[in-house]
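Okay, structure first, notes after.
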Amino acid sequence: MATRTAAEKRAEAKAEYEAFLAACPSRRLLDRISDKWVALILAALGSGPDCTGEPRPMRYSELARLLAGVSQKMLTQTLRSLERDGLVTRTATPTVPVTVTYELTDLGLSLHHTMRALKSWAQTHMGEVLAHRAEYDGRSG
């Protein structure tokens, strides 16, 4: 049996992420992408304003109008975190005023398909979920 160095052991552990383990860093990523604003931004950037088209860049103001209820601070923070994670790119064009657009990277596009399906599932089944909630609340109260 070959002896492994500590560095080799760390590299091996890092290569085998397992979200069910408490120390796994993928848990932080799951926490981030499960945020409602992340899901909605990824769905919007990947499908355009009507969420049925092809992925395309969107301006900050366009995203803000599309995402009803998001504050400027929350939208900015969320876009920055998505850019940091490599899911979104930010492009500033030197115009007056400066034009800033956001676009999914290939990594972001791979996650977009899952988020779009989740958004669609929620919209399709919301009536059923509300009915189950009402039934549950009626019998447990």
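For the sequence shown, numbering that gives the first Met the number 0 assigns the number 0 to the initial residue and increments by one for each residue that follows. Every residue gets a Cβ at the ideal spot worked out from N, C-alpha and C, and that includes glycine.
When the distance is taken between beta carbons, is residue j closer than 8 Å to residue i?
| i | j | result |
| --- | --- | --- |
| Ile-40 | Leu-106 | no |
| Tyr-101 | Met-73 | no |
| Ala-42 | Arg-115 | yes |
| Leu-44 | Pro-54 | yes |
| Val-128 | Thr-104 | no |
| Val-69 | Trp-36 | yes |
| Leu-110 | Ile-32 | yes |
| Ala-63 | Gln-76 | no |
What is the DSSP secondary structure of residue i, reduced to helix, strand or coil?
| i | result |
| --- | --- |
| Glu-7 | helix |
| Arg-55 | coil |
| Thr-104 | coil |
| Val-128 | helix |
| Val-99 | strand |
| Val-69 | coil |
| Ala-1 | coil |
| Thr-92 | strand |
Could you tell me how far apart the beta carbons of residue i and residue j are, in whole angstroms, since I believe they sit closer than 8 Å?
| i | j | result |
| --- | --- | --- |
| Tyr-135 | Val-99 | Tyr-135 to Val-99, Cβ: 45 Å. No contact. |
| Ala-38 | Arg-26 | The Cβ separation is near 17 Å, so there is no contact. |
Assign residue i to buried or exposed, taking buried as 16 or more other Cβ atoms, counted over all protein chains shown, within 10 Å of its Cβ.
| i | result |
| --- | --- |
| Leu-20 | exposed |
| Leu-28 | exposed |
| Ser-139 | exposed |
| Thr-2 | exposed |
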